[in-house]
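Sequential numbering from 22 applies to the sequence shown in this note's numbering.
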Amino acid sequence: MKYTITLLLLLLLATLIPLHAANSTDPFTPYLDGKPPQITREILTPLAALSASDVPALAGKPNIIFIMSDDHAANAIGAYGGRLAKLNPTPTIDKLAKEGMLFENCFAANSICTPSRASILTGQYNHRNKVYDLDGTLEPACQYLPIGMKQAGYQTAMIGKWHLRAEPRPFDDYCVLPTLNPYFNPTFLVRGEKPWPGNTIKREGHTTDVILDLVLDWMKHKRDPRKPFFLMYHEKAPHDMFEFAPRYKDYLKDVEIPEPSSLWSQPGFGSIATRGHHDELLPYIGTSIGTRNSHFNYVKKFGFEALPTEEQRKRAAYNEYLKRYLRCVKGIDDSLAILFDYLRSAGLMENTVIIYTSDQGMMLGEHDYMDKRWMYEESERMPFIIRYPKTIKPGSRTDAIVENVDFAPLLLDIAGIKAPEVMQGRSFKAICETGREPVDWKHAAYYRYWMHMVHHDNPGNLGLRTKDYKLIFYYGMRRDDKMPRTPPGWELYDLKKDPQELVNVYDDPAYARVVSDLKKQLADRRRAIGDDGADYPQIEAVVKQYWDYDATARATAETLSHDFRVSKEAAVSSTGKANKAVP
Ligand SMILES: [Ca+2]
22 MKYTITLLLL
32 LLLATLIPLH
42 AANSTDPFTP
52 YLDGKPPQIT
62 REILTPLAAL
72 SASDVPALAG
82 KPNIIFIMSD
92 DHAANAIGAY
102 GGRLAKLNPT
112 PTIDKLAKEG
122 MLFENCFAAN
132 SICTPSRASI
142 LTGQYNHRNK
152 VYDLDGTLEP
162 ACQYLPIGMK
172 QAGYQTAMIG
182 KWHLRAEPRP
192 FDDYCVLPTL
202 NPYFNPTFLV
212 RGEKPWPGNT
222 IKREGHTTDV
232 ILDLVLDWMK
242 HKRDPRKPFF
252 LMYHEKAPHD
262 MFEFAPRYKD
272 YLKDVEIPEP
282 SSLWSQPGFG
292 SIATRGHHDE
302 LLPYIGTSIG
312 TRNSHFNYVK
322 KFGFEALPTE
332 EQRKRAAYNE
342 YLKRYLRCVK
352 GIDDSLAILF
362 DYLRSAGLME
372 NTVIIYTSDQ
382 GMMLGEHDYM
392 DKRWMYEESE
402 RMPFIIRYPK
412 TIKPGSRTDA
422 IVENVDFAPL
432 LLDIAGIKAP
442 EVMQGRSFKA
452 ICETGREPVD
462 WKHAAYYRYW
472 MHMVHHDNPG
482 NLGLRTKDYK
492 LIFYYGMRRD
502 DKMPRTPPGW
512 ELYDLKKDPQ
522 ELVNVYDDPA
532 YARVVSDLKK
542 QLADRRRAIG
552 DDGADYPQIE
562 AVVKQYWDYD
572 ATARATAETL
582 SHDFRVSKEA
592 AVSSTGKANK
602 AVP
């Protein structure tokens, strides 16, 4: 009887609400001309995308929980086996990996929060979705993933860190942190009577605990058991400044954190683009653990300047950084243990696809760097673990290359619908289920970081990462060209021989063939995905000028290196502030 009434209600709704699907069966068709339409009613009305005949079909669809932390490097997950694994930082996530599949080569197309999230929601690279940097906005009409999941018949919810500025309107339910938010006693933006972002709720406690409570509350009280659900559960932790819940203050207290060798010595690392001519830009490029970068380093930030030697200062800063960070990670891992216990007790564990990832990685002292943004492994790599024992073999691993633009197509595929043309990524469901890559699967991940020399002093760059090599080109300028340019330069790392990227072999004659092959692949990929420089011809001119990197280009790069150093020194003498960024 209840079922019949539900069907009748659904039929009634379907009659009352005019679907634009009447004109087209593809909800994404209107976006193909690049002009997002106004949000239509079927996007806003939870039940409208469902027709009565869909209801029985939904019974076989799995639920999906997409868990994403902020800046959680694979190195800080035990299952990835990095140098921190011996500290056992993530027993719960490790267990998830044992019960599912771990991706060793999952990469962010742009290793920074807002752009990576935009790629995940749209299935597009940032030159296409136009969310280049932290100021980017992803309008509701372009939030293709939740729109598609709803079309597939799912109840959708977004809880936690959002960072895309515009309202997450296509979700049935949302409860998201504003862009700037504290670790304790956070405020959330919710749907309500006032226009976005006018409706808020406030919660007491540490953000990790509060977000877990909101997730559990949604699961227990707001979930519609008649439908499969798609929940995006986004942590704020372990983003800087790493404020952990007080109960973790003694975690790792007396432990000496294992160090990467590149924290101390890396004579073959980098290029003129990252070190300057004869290392003259080392104080200015890339924020540091030790005092190399006087503008932003963790010796200063954590107050270790009074220690007698640089070795002591750097070691103290490194340990403080890693302990704060890992205490935040521990909080996430403990939260997930509670969530998974709940899923088991509610009988949801076996029919729910669980994904754990992070919006990108994080430099944890490798190369004396902090933060992300770089294309180096620790920053570019995203952890990606997927558990669904019905179709995914427990304890499996793959080295297939996948990118964050592939997430939305995968999720839609799991939900039983095809990714729309507007998405540039491709589903890797077959890899999850078979462990094998389709014959025409991609061989490389594309990368492009646009936020030249802001916040953490990283030059603009682009590149390609294959299973064997990484080619990076630093073009060194901002989109508006209003920040001093840094010297263009190339770096090549042989990842099989040198997984820690300690030696740039770009100029080694033995790699000349590799360089030319990779440049061709890079040019082909840029063409294929439409990153043709049309929006920023000034940058594209630099890419062209330095593509072959002949003697003339190298000489010009040296001049730019000197000019940049001089501009920095002038800024110090005029402002009195060490290494202040000058737009
Ligand atoms: Ca992030």
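Built from N, CA and C at the ideal position, the CB exists for glycine as well.
Practice item. Could you name the residues of the same chain whose beta carbon sits closer than 6 Å to that of R6, not counting the 5 residues immediately before and after it, in chain order? Key: As shown, the chain starts at 22 and ends at 604. That puts residue 6 outside it, with no answer to give.
Check your understanding: Measuring from the CB of K393, is there a heavy atom of ligand 1 at a distance below 8 Å?
Key -> As a first step, residue 393 is located in the sequence shown; it is residue number 372 there, counting from the start. Checking the 8 Å criterion, the Cβ of K393 is within range of a heavy atom belonging to ligand 1.
Practice item. Report yes if the C-beta of H260 is less than 8 Å from at least one heavy atom of ligand 1; otherwise report no. Key: To locate residue 260, count along the sequence shown from 1; it is residue 239. H260 has its CB nearer than 8 Å to a heavy atom of ligand 1.
**Study point:** Test item: CB-CB of R506 and V563 under 9 Å
**Key:** For the purposes of this step, residue 506 is taken as the residue at position 485 of the sequence shown. For the purposes of this step, residue 563 is taken as the residue at position 542 of the sequence shown. Yes; because the gap between Cβ atoms is below 9 Å, this pair is in contact.
Check your understanding: Within 8 Å: the Cβ of I98 and any heavy atom of ligand 1?
Key -> In the sequence shown, the residue the question calls residue 98 occupies position 77. I98 Cβ: outside cutoff for every heavy atom of ligand 1.
Check your understanding: Roughly how many angstroms lie between the CA atoms of K589 and S132, to the nearest whole one?
Key -> Within the sequence shown, numbered from 1, the residue matching residue 589 stands at position 568. Within the sequence shown, numbered from 1, the residue matching residue 132 stands at position 111. The alpha-carbon atoms of K589 and S132 are separated by roughly 26 Å.
Point to revise | Integer-rounded CB distance, given that A429 should sit under 8 Å from L166 | key: Position 145 of the sequence shown, counting from 1, holds the residue named residue 166. Position 408 of the sequence shown, counting from 1, holds the residue named residue 429. Taking a contact as a CB-CB distance under 8 Å, the pair L166 and A429 counts as one, their CB atoms being some 4 Å apart.
**Study point:** Residues bridged to Q164 (per DSSP)
**Key:** As a working note, residue 164 is residue 143 in the sequence shown. According to DSSP, which records beta bridges pairwise, Q164 is partnered with nothing at all.
Review point. For H227, which beta-bridge partners are listed by DSSP?
Key: Working through the sequence shown from its first residue, we reach residue 227 at position 206. In DSSP, H227 forms a bridge with F205.
Review point. Does DSSP classify K182 as helix, strand or coil?
Key: The sequence position of residue 182 within the sequence shown is 161, counting from 1. K182: strand per DSSP, three-state reduction.
Check your understanding: Between Y272 and D552, which are expected to be in contact by the criterion C-beta below 8 Å, what is the C-beta distance as a whole number of angstroms?
Key -> If you number the sequence shown from 1, residue 272 lands on position 251. If you number the sequence shown from 1, residue 552 lands on position 531. That belief does not hold up - the Cβ atoms of Y272 and D552 are roughly 43 Å apart, past 8 Å.
Check your understanding: Relative to ligand 1, what is the chain-ordered list of residues with a Cβ closer than 5 Å to any of its non-hydrogen atoms?
Key -> Counting only residues whose CB is nearer than 5 Å to a non-hydrogen atom of ligand 1, the list in chain order is D91, D92, C134 and D380.
Check your understanding: Going by other Cβ atoms of all chains shown within 10 Å of its Cβ, with 16 needed for buried, is S448 buried or exposed?
Key -> Here residue 448 refers to the residue found at position 427 of the sequence shown. S448 should be labelled buried.
Check your understanding: Which same chain residues, not among the five before or five after D193, have their C-beta less than 8 Å away from its C-beta?
Key -> Taking the first residue of the sequence shown as position 1, residue 193 is located at position 172. Only P67, K171, Q176, T177 and A178 meet the Cβ criterion.
Check your understanding: Leaving out the 5 sequence neighbours to the left and right, which residues in its chain are closer than 6 Å to I406 when beta-carbon positions are compared?
Key -> Numbered from 1 along the sequence shown, position 385 holds the residue referred to as residue 406. Excluding positions up to five away in sequence, the list reads L117, A118, G121, L123 and Y377.
Check your understanding: Can we say the segment 286–295 touches the segment 338–353, given the rule of at least three CB pairs closer than 8 Å?
Key -> No, the segment 286–295 does not touch the segment 338–353.
Exercise for review: May I have the straight-line CA-CA distance separating L198 from Y390, to the nearest angstrom?
Suggested key: Translated into positions along the sequence shown, residue 198 becomes position 177. Translated into positions along the sequence shown, residue 390 becomes position 369. Cα-Cα distance, rounded: 28 Å.
Exercise for review: Alpha carbon to alpha carbon, how far is K322 from E341? Give it in angstroms, no decimals.
Suggested key: Translated into positions along the sequence shown, residue 341 becomes position 320. Translated into positions along the sequence shown, residue 322 becomes position 301. Cα to Cα, the separation comes out at about 10 Å.
Exercise for review: Would you mind reading off the limits of the beta strand (DSSP E) that contains F251?
Suggested key: As a first step, residue 251 is located in the sequence shown; it is residue number 230 there, counting from the start. Element bounds for F251: F250 to H255.
Review point. From this set, F87, A80, L185 and Q164, which residue's C-alpha is nearest L432's C-alpha?
Key: By one-based count along the sequence shown, residue 432 stands at place 411. Of the candidates F87, A80, L185 and Q164, the one whose C-alpha sits nearest the C-alpha of L432 is F87.
Review point. Would you call K491 buried or exposed, if buried means 16 or more other Cβ atoms sit within 10 Å of its Cβ?
Key: Walking along the sequence shown from the start, residue 491 turns up at place 470. K491 comes out buried.
Check your understanding: Does the Cβ of K107 have 16 or more other Cβ atoms within 10 Å, making it buried, or fewer, making it exposed?
Key -> Against the sequence shown, residue 107 aligns to sequence position 86. In summary, K107 is exposed, with fewer than 16 beta-carbon neighbours lying within 10 Å of its beta-carbon over all protein chains present.
**Study point:** Exposure label - M498; buried when at least 16 CB within 10 Å
**Key:** As a working mapping, residue 498 is identified with position 477 in the sequence shown. With 16 or more other Cβ atoms within 10 Å, it is buried.
Review point. Straight-line CA distance for Y496 to V475?
Key: As a first step, residue 496 must be located in the sequence shown, where it is residue number 475. As a first step, residue 475 must be located in the sequence shown, where it is residue number 454. Roughly 15 Å between the two C-alpha positions.
Review point. Roughly how many angstroms lie between the CA atoms of E561 and I493, to the nearest whole one?
Key: Along the sequence shown, one-based indexing puts residue 561 at 540. Along the sequence shown, one-based indexing puts residue 493 at 472. Roughly 15 Å separates the two Cα atoms.
Point to revise | In DSSP terms, what W511 is bridged to | key: Taking the first residue of the sequence shown as 1, we reach residue 511 at position 490. For W511, which the question treats as bridged, DSSP gives the partners F494.
Check your understanding: In chain order, which continuous runs of the beta strand (DSSP E) of length 3 or greater are located wholly inside the segment 65–153?
Key -> Taking 3 residues as the minimum length, the beta strand (DSSP E) runs contained wholly in the segment 65–153 are 84–90 and 122–128, in order along the chain.
Point to revise | Where D362 falls: helix, strand or coil (DSSP) | key: As a working note, residue 362 is residue 341 in the sequence shown. Of the three classes helix, strand and coil, the one that applies to D362 here is helix, per DSSP.
Point to revise | Distance, T330 Cα to T580 Cα | key: The residue you call residue 580 lines up with position 559 of the sequence shown. The residue you call residue 330 lines up with position 309 of the sequence shown. Distance between the alpha carbons of T580 and T330: 34 Å.
Review point. Considering only C-alpha positions, which residue in the set T228, R212 and C196 is nearest to Y204?
Key: If you number the sequence shown from 1, residue 204 lands on position 183. By alpha-carbon distance to Y204, the top candidate from T228, R212 and C196 is T228.
**Study point:** For S286, the three-state DSSP class (helix, strand or coil)
**Key:** Along the sequence shown, one-based indexing puts residue 286 at 265. Coil.
Exercise for review: Kindly give me the distance between the Cβ atoms of L142 and L155, rounded to whole angstroms, as I take these residues to be in contact under 8 Å.
Suggested key: Position 121 of the sequence shown, counting from 1, holds the residue named residue 142. Position 134 of the sequence shown, counting from 1, holds the residue named residue 155. Contact between L142 and L155 is absent: CB atoms are separated by about 15 Å, not below the 8 Å threshold.
Check your understanding: C196 bridges to which residues according to DSSP?
Key -> As a first step, residue 196 is located in the sequence shown; it is residue number 175 there, counting from the start. Looking at the DSSP assignment, C196 forms a beta bridge with I180 and V211.
**Study point:** Where the beta strand (DSSP E) through E424 begins and ends
**Key:** By 1-based counting over the sequence shown, the position of residue 424 is 403. S417 to E424 is the extent of the beta strand (DSSP E) around E424.
Point to revise | N525 - DSSP class collapsed to helix/strand/coil | key: Residue 525 sits at position 504 when you count from the first residue of the sequence shown. Secondary structure at N525: coil, using DSSP grouped into helix, strand and coil.
Check your understanding: Skipping 5 residues on each side, what residues in its chain have a beta carbon closer than 6 Å to that of V236?
Key -> Walking along the sequence shown from the start, residue 236 turns up at place 215. These residues qualify, in order along the chain: I180 and Y254.
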